[in-house]
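Residues 1155 to 1377, numbered by our numbering, are exactly what the sequence shown covers, in order.
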Amino acid sequence: MMKMLRLLLVDDHKVVRLGLKTLLESESDLEVVGEAGTAADAIRLAGQLQPNIILMDIRLPDQTGIAACRQIRQDWPDIQILVLTSFADESLVMEAIEAGAAGYVLKQLDTDELLRAVRAIGQGDAVLDPAVTKKLLAGVRQAKQDAQAAAFRDLSERELDVLALVAEGKTNAEVADVLILSEKTVRNHVSVILSKLHLTNRIEAATYAVRNNIERYVSGWEE
C-alpha cells in the first residue's frame, strides 16, 4: 500500500494554492493538511502539522522561502521541502540546497512531472527541474572558466606564450627558437612567471598551466 504523504502549501497567492490543492488532492496518496501565505505562517504550521513535505515558494511577503526552509529544516529535520517557484536563478538554487531543500522545481512544470517530484521527495530522493539543472551546470562551467582565466590574469601575452611552451615540456632553448627570442630572455620570462604565480619550478609551472587549460588563452604562435 502506497504511503500517504501529508503536504503543506506555502505561496502568497491564494489562486496558486487552490490550483495546487486541487491537483494534489485528486491523488489518493496525497493529502494537503495546511496552507500558508507567509514565511512566519509556514514555520508555525510546520511545527503544528508536521507534514511530510512542504511545497515552498521563494518570494513571500515577510521573508524568503529559503529563510523559512532553513528554519524549518533546523527545527524539524524530518520535514522535506520542495521549492516550487518561477525563478530559475542558479544562485537561488544553491541557496535553497544549502538551506536544506530536497528539491527545486519551476511552476512551469507540467502536472505529471510535479506529482512525480512530490512522490520522489516523499521517498527520500532529491529533485531538480531539468531547466534548473541546465542553468546550474552552465553557471558551474562559467565559474570554472572564470577561475581558469583569473589564473593567468597577472601574466603578459608573451609570458603566456612562454608558459604554454614550458607546459609542453620544451627547454628554454627550444622556447627561444619557437618565439624567436634569446635564451636569456626566455630564462628571465620563466623567472618572472614563477614569481607571479608563486611557484617554485618549471614542473609546478607546467602542471599549473595544464590544470588551468592555458591553451585557451595563448595568443597564438607557430613553430
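A virtual CB, placed ideally from N, CA and C, is assigned to each residue, including glycine.
Specify the secondary structure class of residue i as computed by DSSP and reduced to three states.
| i | result |
| --- | --- |
| Gly1276 | helix |
| Met1158 | coil |
| Val1170 | helix |
| Leu1214 | coil |
| Tyr1371 | coil |
| Ile1347 | helix |
| Ile1357 | helix |
| Ile1334 | coil |
By the 10 Å Cβ neighbour count, where 16 or more other Cβ atoms means buried, how is residue i classified, buried or exposed?
| i | result |
| --- | --- |
| Val1247 | buried |
| Met1210 | buried |
| His1352 | exposed |
Roughly how many angstroms lie between the CA atoms of residue i and residue j, to the nearest whole one?
| i | j | result |
| --- | --- | --- |
| Ile1235 | Asp1279 | 11 Å |
| Thr1354 | Arg1341 | 14 Å |
| Glu1181 | Leu1162 | 15 Å |
| Asp1243 | Val1332 | 46 Å |
| Lys1157 | Ile1368 | 54 Å |
| Glu1311 | Phe1241 | 41 Å |
| Leu1203 | Asp1264 | 28 Å |
| Ile1233 | Glu1267 | 21 Å |
| Ala1220 | Ala1200 | Rather than Ala, the amino acid found at residue 1220 in this sequence is Ile. For Ile1220 and Ala1200, the distance between alpha carbons rounds to 14 Å. |
Looking at the unbroken beta strand (DSSP E) that takes in residue i, where does it start and where does it end?
| i | result |
| --- | --- |
| Leu1184 | 1184-1190 |
For the alpha helix (DSSP H) that residue i lies in, which residues bound it at each end?
| i | result |
| --- | --- |
| Gln1225 | 1219-1229 |
| Gly1201 | 1193-1203 |
| Thr1239 | No alpha helix (DSSP H) contains Thr1239, which is instead part of the beta strand (DSSP E) from 1234-1239. |
| Leu1319 | 1311-1321 |
For chain B, check one thing: does any of its Cβ atoms lie closer than 8 Å to the Cβ of residue i?
| i | result |
| --- | --- |
| Leu1335 | Of the protein chains in this structure there is only one, and it is not chain B. |
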